[in-house]
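Chains as they are written, first to last, in full-length UniProt numbering: chain A, 1 to 309; chain B, 1 to 309. Presented below is the structure to which this report refers.
Protein chains: 2
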Amino acid sequence: MRLDADQLAAFAAVVDEGSFEAAARRLHVTPSAVSQRIKALEASVGQVLVQRSRPSRPTEAGQILVRLAGQVSVLESEALSELMGELPGARAPLRMPVAVNADSLATWFLPALADLPAEQAMTFDIRQEDQDHSIALLRDGTVMAAVTAEAKVVQGCRAEALGAMRYLAVASPEFRRRHLESEKMPGALASAPMLVFNRKDGLQHRFLRGLLQRNADPPVTYLPSSWGFVEAARLGLGWGMVPEQMARPAIDAGELIEIRPGHPLDVPLYWQRWRLESAALAALTDVVKARGLGLLNQDANKEHAGQGR
Amino acid sequence: MRLDADQLAAFAAVVDEGSFEAAARRLHVTPSAVSQRIKALEASVGQVLVQRSRPSRPTEAGQILVRLAGQVSVLESEALSELMGELPGARAPLRMPVAVNADSLATWFLPALADLPAEQAMTFDIRQEDQDHSIALLRDGTVMAAVTAEAKVVQGCRAEALGAMRYLAVASPEFRRRHLESEKMPGALASAPMLVFNRKDGLQHRFLRGLLQRNADPPVTYLPSSWGFVEAARLGLGWGMVPEQMARPAIDAGELIEIRPGHPLDVPLYWQRWRLESAALAALTDVVKARGLGLLNQDANKEHAGQGR
Numbered sequence: 001m002r003l004d005a006d007q008l009a010a011f012a013a014v015v016d017e018g019s020f021e022a023a024a025r026r027l028h029v030t031p032s033a034v035s036q037r038i039k040a041l042e043a044s045v046g047q048v049l050v051q052r053s054r055p056s057r058p059t060e061a062g063q064i065l066v067r068l069a070g071q072v073s074v075l076e077s078e079a080l081s082e083l084m085g086e087l088p089g090a091r092a093p094l095r096m097p098v099a100v101n102a103d104s105l106a107t108w109f110l111p112a113l114a115d116l117p118a119e120q121a122m123t124f125d126i127r128q129e130d131q132d133h134s135i136a137l138l139r140d141g142t143v144m145a146a147v148t149a150e151a152k153v154v155q156g157c158r159a160e161a162l163g164a165m166r167y168l169a170v171a172s173p174e175f176r177r178r179h180l181e182s183e184k185m186p187g188a189l190a191s192a193p194m195l196v197f198n199r200k201d202g203l204q205h206r207f208l209r210g211l212l213q214r215n216a217d218p219p220v221t222y223l224p225s226s227w228g229f230v231e232a233a234r235l236g237l238g239w240g241m242v243p244e245q246m247a248r249p250a251i252d253a254g255e256l257i258e259i260r261p262g263h264p265l266d267v268p269l270y271w272q273r274w275r276l277e278s279a280a281l282a283a284l285t286d287v288v289k290a291r292g293l294g295l296l297n298q299d300a301n302k303e304h305a306g307q308g309r
Numbered sequence: 001m002r003l004d005a006d007q008l009a010a011f012a013a014v015v016d017e018g019s020f021e022a023a024a025r026r027l028h029v030t031p032s033a034v035s036q037r038i039k040a041l042e043a044s045v046g047q048v049l050v051q052r053s054r055p056s057r058p059t060e061a062g063q064i065l066v067r068l069a070g071q072v073s074v075l076e077s078e079a080l081s082e083l084m085g086e087l088p089g090a091r092a093p094l095r096m097p098v099a100v101n102a103d104s105l106a107t108w109f110l111p112a113l114a115d116l117p118a119e120q121a122m123t124f125d126i127r128q129e130d131q132d133h134s135i136a137l138l139r140d141g142t143v144m145a146a147v148t149a150e151a152k153v154v155q156g157c158r159a160e161a162l163g164a165m166r167y168l169a170v171a172s173p174e175f176r177r178r179h180l181e182s183e184k185m186p187g188a189l190a191s192a193p194m195l196v197f198n199r200k201d202g203l204q205h206r207f208l209r210g211l212l213q214r215n216a217d218p219p220v221t222y223l224p225s226s227w228g229f230v231e232a233a234r235l236g237l238g239w240g241m242v243p244e245q246m247a248r249p250a251i252d253a254g255e256l257i258e259i260r261p262g263h264p265l266d267v268p269l270y271w272q273r274w275r276l277e278s279a280a281l282a283a284l285t286d287v288v289k290a291r292g293l294g295l296l297n298q299d300a301n302k303e304h305a306g307q308g309r
């Protein structure tokens, strides 16, 4: 049995764009043509492949084909570029879907992409995801690679350790004056307003537990934006754990202070990617490892795996 | 019929925290106590209120109670603070759930929060959402207020116009040299790599259509982070539409150039909030309107409603 290439392309476009209409626009055909191809593909494999929801998501069976379609597209694009050379217009640049944790995206990841040699004409579909979701995206074939705090290798992937991201507990000088100097430290931290990235971000509570030797329940502001998080600390809306790379300029400028100098938290990061012989994926891996190993903290205490944001 | 306050609190905690276990931790009871309260509440209203999924989401019937619980919590917190004054520990600060579009969060919204008078001891649960989702969050009671590009008033809410956010088409000087000077402008833009925030961000395509008088399909990098977007433009990964407030410092520093000076896009923004007599919500509205009207572009061409990110 062979899969029909048009049907597979229609399926990949629906999953990628999230709807039959958008897929039809991209393929320059009618939505009903897309729908017929999907139905034919489903009939040929004897399984429902797409949930008819909004956005259209692959079923569990569909995920296997998402991954196949992604791998075929990489290999095809590379074969074409080998055949036809890098003539302008010879091929559309390969779009590489990757998942990145928010704080890596806000610091070292984009400079790594900019390091790619010019002959690797790639574009990217970047998903900013927490680590749990990244693993799901690798598994279901939505992304080809991910920067994640999860060390456990996803099936069909290769994982490599990057450095660890170092977090500092910071606040504005005015915040310290107002919330942390009236009472004895570190006890004052048990009731001072705290910034937390989202429901899964346990860094602040971990720092507090280490300091207070007990659990604490301070008032929390949830703020799911890396740069917003630093800005909110600078503006005195709370204290929080910030990547050293983002905190350092504000600390040097006197806009942020370290709450407990000498008490950083280190979060080891990993690069997980599909096992696929692809020059593009190899080139991406090279620049990510160079920046990831170079910029992050190599001598970090790595006992605290499995937390990150 | 009266609703039981403990049961309602258990329900609100489950929806807020996303699981029975986390709700139990917050309420200092066992997960099975939480489960019993939810079942009792469901029995008393004769409807299923919580989807037993991960995260736990309210059903359609449950959404009515989410909103009720939020309103009761605001009014209760304000009555307590009136009764007991602003003594430290008299009450936990009110946590205000708000939805904000990404580019507002990256620019004027956090400074607005920092403008709140000190006696309004509030924390925030900030959701960074595109406008469609913000409307759903207002409607189902998850947030009390939202900054959104949607002018249509959500039922039970009050909407007020803020200014418009002005976007400039920018790229790095090196990007222009490499992609835009070899061919005639504006035609060269039809094939130069383009940055797009996410699948719903139509700003770049709109700018292109205005310039080329036709649709174009350039290679796209999706990058759902406001600061990452500016950084990617600075690093030469593509051109894109960036809020003037974020682009200006990089333009002044010579790191970004405007692709077509004098061709901005303006996106009007609105502040939608629950109709609720609450001093906290009124104070928040004051600072948001002051910054929103003051920082954004008042004399903007407002014909382009309903797009934003």
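Note that the Cβ used here is the ideal one computed from N, Cα and C, for glycine as well.
* Asked: Does the beta carbon of residue 232 (chain B) come closer than 7 Å to any beta carbon on chain A?
  -> To locate residue 232 (chain B), count along the second sequence from 1; it is residue 232. Under the Cβ criterion of 7 Å, residue 232 (chain B) is counted among the residues facing chain A.
* DSSP three-state call for residue 240 (chain A): helix, strand or coil? -> Looking up residue 240 (chain A) in the first sequence gives position 240. Three-state result, residue 240 (chain A): strand.
* Asked: Residues of chain A with a CB under 7 Å from the CB of residue 228 (chain B): which are they?
  -> To locate residue 228 (chain B), count along the second sequence from 1; it is residue 228. When 7 Å is used as the limit between beta carbons, residue 228 (chain B) is near these residues of chain A: 105, 106 and 110, in chain order.
* To do: Going by DSSP, name the residue or residues bridged to residue 271 (chain A).
  => The residue you call residue 271 (chain A) lines up with position 271 of the first sequence. Its beta-bridge partners are A:147 and A:160.
* Taking residue 46 (chain B) as the reference, which of B:249, B:223 and B:59 has the closest Cα? -> Numbered from its first residue, the second sequence carries residue 46 (chain B) at position 46. For residue 46 (chain B), the closest C-alpha among the options B:249, B:223 and B:59 is that of B:59.
* Taking only beta carbons into account, state which residues of the stretch 123 to 141 of chain B come closer than 9 Å to chain A, listed in chain order. => Listed in sequence order: 123, 124, 125, 126, 127 and 128.
* At least one CB of chain A closer than 7 Å to the CB of residue 177 (chain B): is that the case? -> In the second sequence, residue 177 (chain B) corresponds to position 177, counting from 1. Not an interface residue.
* To do: Taking 7 Å as the cut-off, decide whether the C-beta atoms of residue 15 (chain A) and residue 66 (chain A) are in contact.
  => The sequence position of residue 15 (chain A) within the first sequence is 15, counting from 1. The sequence position of residue 66 (chain A) within the first sequence is 66, counting from 1. Their beta carbons are under 7 Å apart, which means residue 15 (chain A) touches residue 66 (chain A) by this criterion.
* List the whole-angstrom C-beta distance separating residue 12 (chain A) from residue 99 (chain A), where the pair is believed to meet the contact cut-off of C-beta under 8 Å. => Your numbering for residue 12 (chain A) matches position 12 in the first sequence. Your numbering for residue 99 (chain A) matches position 99 in the first sequence. Contact between residue 12 (chain A) and residue 99 (chain A) fails: their C-beta atoms lie close to 18 Å from each other, not under 8 Å.
* Name the DSSP beta bridge partners of residue 125 (chain A), please? -> Position 125 of the first sequence holds residue 125 (chain A). Answer by DSSP bridge pairing, in chain order: A:97 and B:222.
* Return the chain-ordered list of same chain residues with a C-beta closer than 7 Å to the C-beta of residue 201 (chain A), the five sequence neighbours on each side being excluded. => Translated into the one-based positions of the first sequence, residue 201 (chain A) becomes position 201. Listed in chain order, the non-local C-beta contacts of residue 201 (chain A) below 7 Å within the same chain comprise 309, local neighbours out to five positions each way being set aside.
* To do: Using the DSSP secondary-structure output, state which residues sit across from residue 51 (chain B) in a beta bridge.
  => As a first step, residue 51 (chain B) must be located in the second sequence, where it is residue number 51. In the DSSP assignment, residue 51 (chain B) forms a beta bridge with B:57.
* For residue 54 (chain B), count neighbouring C-beta atoms within 10 Å of its own C-beta (all shown protein chains included) and say buried if the count is 16 or more, exposed if not. => For the purposes of this step, residue 54 (chain B) is taken as the residue at position 54 of the second sequence. Residue environment for residue 54 (chain B): exposed (fewer than 16 other C-beta atoms within 10 angstroms of its C-beta).
* Output, in chain order, the set of chain B residues within a Cβ distance shorter than 8 Å of residue 59 (chain A). => By one-based count along the first sequence, residue 59 (chain A) stands at place 59. Residues of chain B passing the Cβ test: none, with the nearest at roughly 17 Å.
* To do: Identify each residue in the stretch 211 to 222 of chain A for which the Cβ-Cβ distance to at least one residue of chain B is less than 7 Å, and report them in chain order.
  => So the list reads 219, 220, 221 and 222, given in the order they occur along the chain.
* Leaving out the 5 sequence neighbours to the left and right, which residues in its chain are closer than 8 Å to residue 88 (chain B) when beta-carbon positions are compared? -> By 1-based counting over the second sequence, the position of residue 88 (chain B) is 88. Annotation note: pLDDT 49 at residue 88 (chain B) (below 50); position unreliable, coordinate value reported separately. Cβ neighbours of residue 88 (chain B) beyond the five flanking positions: none.
* Asked: What residues in its chain sit with their C-beta under 6 Å from that of residue 134 (chain A), if we drop five residues either side in the sequence?
  -> Residue numbering aside, residue 134 (chain A) sits at position 134 when the first sequence is read from its first letter. Cβ neighbours of residue 134 (chain A) beyond the five flanking positions: 99, 146 and 148.
* **Reduced DSSP category for residue 76 (chain B) - H, G, I as helix; E, B as strand; rest coil** => Along the second sequence, one-based indexing puts residue 76 (chain B) at 76. It is helical.
* Are the stretch 153 to 166 of chain A and the stretch 262 to 281 of chain A in contact at 8 Å, needing three or more beta carbon pairs? -> With a cut-off of 8 Å, the stretch 262 to 281 of chain A and the stretch 153 to 166 of chain A count as touching, because enough Cβ pairs lie within range.
* Can you find a CB in chain A that lies within less than 7 Å of the CB of residue 18 (chain B)? -> Your numbering for residue 18 (chain B) matches position 18 in the second sequence. Closer than 7 Å to some Cβ of chain A, the Cβ of residue 18 (chain B) qualifies, so yes.
* To do: Name the one or two DSSP bridge partners that residue 257 (chain A) has.
  => Translated into the one-based positions of the first sequence, residue 257 (chain A) becomes position 257. Residue 257 (chain A) is bridged to A:171.
* Asked: Can you tell me where the beta strand (DSSP E) with residue 195 (chain B) in it begins and where it stops?
  -> By one-based count along the second sequence, residue 195 (chain B) stands at place 195. Under the DSSP assignment, residue 195 (chain B) falls in the beta strand (DSSP E) whose first and last residues are 194 to 196.
* Asked: Quick one: is residue 125 (chain A) buried, meaning 16 or more other Cβ sit within 10 Å of its Cβ, or exposed?
  -> Numbered from its first residue, the first sequence carries residue 125 (chain A) at position 125. Answer is buried; the Cβ neighbour count reaches 16.
* Determine, using beta carbons only, whether residue 303 (chain A) comes closer than 7 Å to chain B. => Indexing the first sequence from 1 puts residue 303 (chain A) at position 303. With a pLDDT of 47 at residue 303 (chain A), under the threshold of 50, the predicted position of this residue should be treated as unreliable, though the coordinate-derived value follows. Taking CB atoms only, residue 303 (chain A) has no neighbour in chain B less than 7 Å away.
* Asked: Under 7 Å between C-beta atoms, does residue 77 (chain A) make it to chain B?
  -> Working through the first sequence from its first residue, we reach residue 77 (chain A) at position 77. The Cβ of residue 77 (chain A) sits no closer than 7 Å to any Cβ of chain B.
* **7 Å Cβ cutoff met for residue 310 (chain A) and residue 188 (chain A)** => The structure shown has nothing for residue 310 (chain A), since chain A only spans 1 to 309.
* Member of B:237, B:286, B:261 and B:264 whose CA lies at the smallest distance from the CA of residue 113 (chain A) -> Here residue 113 (chain A) is taken as the residue at index 113 of the first sequence, counted from 1. The shortest Cα separation from residue 113 (chain A) among B:237, B:286, B:261 and B:264 belongs to B:237.
* If contact means a Cβ-Cβ distance below 8 Å, which residues of the stretch 185 to 205 of chain B contact chain A? -> Correct list: 191, 193 and 199.
* **Segment limits, alpha helix (DSSP H) that includes residue 39 (chain B)** => Numbered from 1 along the second sequence, position 39 holds the residue referred to as residue 39 (chain B). It spans 31 to 45 - the alpha helix (DSSP H) in which residue 39 (chain B) sits, taken as one unbroken run.
* I think residue 287 (chain B) touches residue 233 (chain B), with their Cβ atoms under 8 Å apart; what is that distance to the nearest whole Å? -> As a working mapping, residue 287 (chain B) is identified with position 287 in the second sequence. As a working mapping, residue 233 (chain B) is identified with position 233 in the second sequence. The Cβ separation is near 30 Å, so there is no contact.
* Using a Cβ-Cβ cut-off of 7 Å, state whether residue 300 (chain A) counts as contacting chain B. => Taking the first sequence and counting its residues from 1, the one referred to as residue 300 (chain A) is at position 300. The pLDDT assigned to residue 300 (chain A) is 48, lower than 50, so where the model puts this residue is not dependable, and the model offers no usable value.
* Take the Cβ of residue 123 (chain A) as the centre, count every other Cβ of all protein chains shown within 10 Å, and call the residue buried at 16 or more, exposed below. => The residue you call residue 123 (chain A) lines up with position 123 of the first sequence. Classification for residue 123 (chain A): buried.
* **Endpoints, the alpha helix (DSSP H) within which residue 16 (chain A) is located** => Within the first sequence, numbered from 1, the residue matching residue 16 (chain A) stands at position 16. Looking at the DSSP string, the run of the alpha helix (DSSP H) that includes residue 16 (chain A) is 5 to 17.
* Asked: Which of helix, strand or coil does DSSP assign to residue 116 (chain B)?
  -> On the second sequence, position 116 is the one that residue 116 (chain B) refers to. Here residue 116 (chain B) sits in coil by DSSP.
* **chain B contact for residue 334 (chain A) (CB, 7 Å cutoff)** => This structure cannot settle anything about residue 334 (chain A), because the visible part of chain A is limited to 1 through 309.
* Asked: How is residue 266 (chain B) classed by DSSP in three states: helix, strand or coil?
  -> Taking the first residue of the second sequence as position 1, residue 266 (chain B) is located at position 266. DSSP, reduced to helix, strand and coil, places residue 266 (chain B) within a strand of the structure shown.
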